[in-house]
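J.:
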Amino acid sequence: MVQKILTQLDYLAYRLQLWYMKPKMTVERVGVHFAFFHPRPTGKIVLAEYQKRLDKFSNKP
1 MVQKILTQLD YLAYRLQLWY MKPKMTVERV GVHFAFFHPR PTGKIVLAEY
51 QKRLDKFSNK P
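According to my numbering, the sequence shown is numbered sequentially starting from 1.
Right under this line is the structure:
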C-alpha cells in the first residue's frame, strides 16, 4: 500500500518537473527512468578512439 502511494507521488513529481522544464529544454532527452542532458553518439566516439589506438599499436616497428 505504501509502495503504491510512493510510486504515484514519484510519478506526480516527475510530471510536475517535466512541465516546469519543458519550455527550457533544448536537446535533452528525459523519460520516467532516464535523463540524458548532453546526448551524444558515445558509441561512435568510443569506436573511433579504439580504432585510433589500435592503429597506433599495430603500426609499431
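For every residue, glycine included, the Cβ atom is placed at its ideal position computed from N, Cα and C.
1. Report yes if the CB atom of Val32 is closer than 8 Å to the CB atom of Tyr14, and no otherwise.
2. Tell me the DSSP bridge mates of Phe34?
3. Assuming the contact rule is C-beta atoms closer than 8 Å, Glu28 and Phe37 should be a hit. Round their C-beta distance to whole Å, please.
4. Could you tell me how far apart the beta carbons of Val30 and Leu18 are, in whole angstroms, since I believe they sit closer than 8 Å?
5. Quick one: grab the DSSP three-state call for Thr26.
T.: Short version:
1. yes
2. Gly31
3. 5 Å
4. 6 Å
5. coil
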